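A.B. asks: In this text, residue positions in the sequence shown follow full-length UniProt numbering: the first is 1, and each later residue adds one. For glycine and all other residues, C-beta sits at the position ideal for the given N, C-alpha and C. Remember, predicted model here, so these are calculated numbers, not experimental data. Just passing along the structure, written as structure tokens.
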Amino acid sequence: MLSLDLSEGHPYPVAFVVARPPPGRASALAAFPALIVAAFATAVAVGACKGPGGGGTGGAGSGGAGGCPSVREAMFTITVRAPEGPVPPDTTVHIAWSAADEPTFVLNDKNTWKTLEDANLVCAVDPTKPPPDALEALVCELWTAGVTRVEISGTGYQDFEQTLTPVMSEECEAFIPQTVDIELVPVVDEGIEE
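See the structure below:
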């Protein structure tokens, strides 16, 4: 009998294949299918990259030999900046992807700050400190697996919306993590001429 256990407590998705001989039959051949499944899973997990991986518009891949990721990374890492100083204290980040609408992150509301155990949107803030009021750049990791819709807002700036699409590496046969820089655009008061 073969069983497949997807370990949830492990920081990386890991599949364990367990081979057990049928009750009353101890056979060396019973382990053979498990060996084949384990070898296939290892080959898929390790990959065989020969050339450099590629980034996409607004992003770049990272990783081990040949440019292929060597460790599990967020699909997208976004860096949000404001052109005229720190990001607004009420900066809000919301993402949606095929699996879910993730809980919204609000910079000045610690109750919305999540870890990877809680959500797939994780922003680099120190939970032991109060919300920052002069943050030059807000960096967030998007641990998604596919097309991801990003919405960002903050007082004094236009709402930002963009759909991020993963870039497939032919050499790695996998998606390549990307970094995306986002600069907020100030709201222009239409009653004032420049």
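Hey, quick one: how far does the beta strand (DSSP E) through R72 stretch, first residue to last?
C.D. replies: First-last for R72: undefined, no H or E at that position.
A.B. asks: Which residues mark the beginning and the end of the beta strand (DSSP E) in which E151 is found?
C.D. replies: Element bounds for E151: T148 to G154.
A.B. asks: Would you mind sorting P23 into buried or exposed? The rule is 16 or more other CB atoms within 10 Å of its CB.
C.D. replies: With a pLDDT of 45 at P23, under the threshold of 50, the modelled position of that residue is not reliable, and no figure is offered here.
A.B. asks: In terms of residues, what are the limits of the beta strand (DSSP E) holding L121?
C.D. replies: Segment L121 to C123, the beta strand (DSSP E) holding L121.
A.B. asks: Are at least three pairs of beta-carbons, each pair with one atom in the stretch 80 to 99 and one in the stretch 138 to 156, less than 8 Å apart?
C.D. replies: Yes, since at least three Cβ pairs between the stretch 80 to 99 and the stretch 138 to 156 fall closer than 8 Å, the two stretches touch.
A.B. asks: In chain order, what residues of the same chain have a beta carbon less than 6 Å from the beta carbon of L184, not counting five sequence neighbours either side?
C.D. replies: Here the set comprises A82 and Y157.
A.B. asks: Less than 8 Å between the CB atoms is what I'm expecting for T148 and L164, so what's the real figure, rounded?
C.D. replies: Contact flag correct, Cβ pair sits at about 5 Å.
A.B. asks: Label P154 either buried or exposed according to how many other C-beta atoms from any shown protein chain fall within 10 Å of its C-beta, with 16 as the threshold for buried.
C.D. replies: Looking at the sequence itself, residue 154 is Gly, so the reference to Pro does not match. Its Cβ being crowded by 16 or more others within 10 Å, G154 is buried.
A.B. asks: Alpha carbons only, please: which of A100, G85, M168 and T104 is nearest the one belonging to P186?
C.D. replies: When only C-alpha atoms are compared, the closest one is G85.
A.B. asks: Per the DSSP calculation, D181 is bridged to which residue(s)?
C.D. replies: In the DSSP output, where bridge partners are listed per residue, D181 has T79.
A.B. asks: If we call anything under 7 Å between Cβ atoms a contact, is F160 one with M168?
C.D. replies: Contact flag unset, no.
A.B. asks: Taking the alpha-carbon of A145 as reference, which of V87, F105 and N120 has the nearest alpha-carbon?
C.D. replies: Closest by alpha carbon: N120.
A.B. asks: Just to check my reading of the structure: I78 and V150 have Cβ atoms closer than 8 Å, yes? What is that Cβ distance to the nearest angstrom?
C.D. replies: Yes, I78 and V150 are in contact; Cβ-Cβ is about 7 Å, under 8 Å.
A.B. asks: Since E141 is in the beta strand (DSSP E), which residue starts that stretch and which ends it?
C.D. replies: First-last of the beta strand (DSSP E) with E141: A137 to L142.
A.B. asks: What's the gap between the Cα of D109 and the Cα of D101?
C.D. replies: Spanning the two alpha carbons is a distance of roughly 19 Å.
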